[in-house]
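Per the numbering used here, the sequence shown starts with residue 1, numbered consecutively.
From the three backbone atoms N, C-alpha and C, an ideal C-beta is built for every residue, glycine too.
Here the structure comes first, spelled out in structure tokens, and everything after it is commentary.
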Amino acid sequence: MSKWTDEWRNFINESSYKHVLKDRGWNDDQFWEGYPVYDEILSHIKYPGEILERIATLIAPGCNFLDIGAGTGAFAIPLARRTRKMIALDPSRSQLNRLQGKAAAEGIENIEILNSSWEDAACEDLGEIDYTLSAYSLFAEEAEGFLQKMVDVSRKGAFIVFRAGQVDPLSEFAYGPKASADYRCLQHILEDMGLDFEVELFARDYTLPLRLVFQQYRFSDRTPDDLTKFLKDRGRLIMGMPEPLALFRSEDALLYHLS
Ligand SMILES: C[S@@+](CC[C@H](N)C(=O)[O-])C[C@H]1O[C@@H](n2cnc3c(N)ncnc32)[C@H](O)[C@@H]1O
Numbered sequence: 001m002s003k004w005t006d007e008w009r010n011f012i013n014e015s016s017y018k019h020v021l022k023d024r025g026w027n028d029d030q031f032w033e034g035y036p037v038y039d040e041i042l043s044h045i046k047y048p049g050e051i052l053e054r055i056a057t058l059i060a061p062g063c064n065f066l067d068i069g070a071g072t073g074a075f076a077i078p079l080a081r082r083t084r085k086m087i088a089l090d091p092s093r094s095q096l097n098r099l100q101g102k103a104a105a106e107g108i109e110n111i112e113i114l115n116s117s118w119e120d121a122a123c124e125d126l127g128e129i130d131y132t133l134s135a136y137s138l139f140a141e142e143a144e145g146f147l148q149k150m151v152d153v154s155r156k157g158a159f160i161v162f163r164a165g166q167v168d169p170l171s172e173f174a175y176g177p178k179a180s181a182d183y184r185c186l187q188h189i190l191e192d193m194g195l196d197f198e199v200e201l202f203a204r205d206y207t208l209p210l211r212l213v214f215q216q217y218r219f220s221d222r223t224p225d226d227l228t229k230f231l232k233d234r235g236r237l238i239m240g241m242p243e244p245l246a247l248f249r250s251e252d253a254l255l256y257h258l259s
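Given below as structure tokens:
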């Protein structure tokens, strides 16, 4: 085991997502069912934004695409317009229900739903896949198996979207110091597997209504007043109308390998 696989495992084990699942005995679906504001948050944070446009330029029109951990369809729905078939895989039924509702409202009919984790998905059920994508959905302690399976089923290319840049200090304030990993950890793991992925970075500056910040940090021991004070003291609070907003900067990495 390399230091990168250890770093990844520590990060996953200490992630707030895994902690919440473990501490409450929840499955993925229970977590996402209790987070109905996910799409409302996405509408403020300029995600997936430019990364989506970049992936759209890199795939061949009319391809078969598999979105692993598709969530509510941030990538799957717009990309389905360029693909012959889009498979949206996710272990959370409620996330997939939201995705299906949105796709139906947009008249998109080429999305197949697969309610499974990636680890449990049977490759023979997928048919021929040209491209795979995992955007913020790699929660496996053993990243290699997850990544190798992606590469093995992808005839033309694999895409990974993951955090770049610093962890927001608000996270550390909310949850305390924790092991973290960014895209470079995944890049090193891929290199150790003999896989060469290109990397492109994308920055997003945005504001988020304070009430949604409280939702994001709803499992923190900090009170809404604590979070508000932290943001205010750092000049990150705008008393906007009709509601207060907090300032954020996020950076995402797009890692991709095209055959
Ligand atoms: C942060 S959301 C990202 C959703 C979407 N990819 C996006 O970028 O908006 C993470 C998603 O990964 C899913 N997920 C969690 N564990 C997974 C696994 N082992 N295999 C596939 N998807 C998983 C979750 O259910 C959730 O919908």
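By Cβ distance below 8 angstroms, which residues in the same chain neighbour residue i in space, the five residues on each side in sequence not counted?
i    : result
E40  : L212
T72  : Y38, D39, L42, Q95, R98, L99, K102
C123 : K149, D152, V153
L195 : L147, V151, H257
Y17  : F31, F139
For a test of your reading of the model: does the CB of residue i fall under 6 angstroms from any non-hydrogen atom of ligand 1? Yes or no.
i    : result
S137 : yes
G49  : no
W26  : no
A104 : no
Q166 : no
S117 : yes
D39  : no
S92  : yes
I68  : yes
Q95  : yes
A74  : yes
G71  : yes
So, with DSSP's three-state summary, where would you put residue i?
i    : result
M239 : coil
G157 : strand
Y217 : coil
A104 : helix
Y256 : strand
Q83  : Per the sequence presented here, residue 83 reads as Thr, with Gln not at that position. In the structure shown, T83 sits in a strand (DSSP, three-state: E or B).
E142 : coil
V151 : helix
W26  : coil
V20  : helix
H44  : coil
Apart from the five residues just before and just after residue i, which ones in its own chain have a Cβ nearer than 6 angstroms to its Cβ?
i    : result
R222 : A174
A60  : none
A179 : N10, F11, E14
D28  : P91, S92
W4   : C185, H188, I189
Give the DSSP bridge partners of residue i, in chain order.
i    : result
D205 : R249
L133 : D67, F159
D90  : N115
V199 : L255
A74  : Its beta-bridge partners do not exist; DSSP assigns none.
A164 : E251
Closer than 7 angstroms by C-beta to residue i: which residues in its own chain qualify, once you throw out the five before and the five after it? Chain order, please.
i    : result
A181 : E7, W8, F11
F230 : L170, F173
F214 : P224, L227
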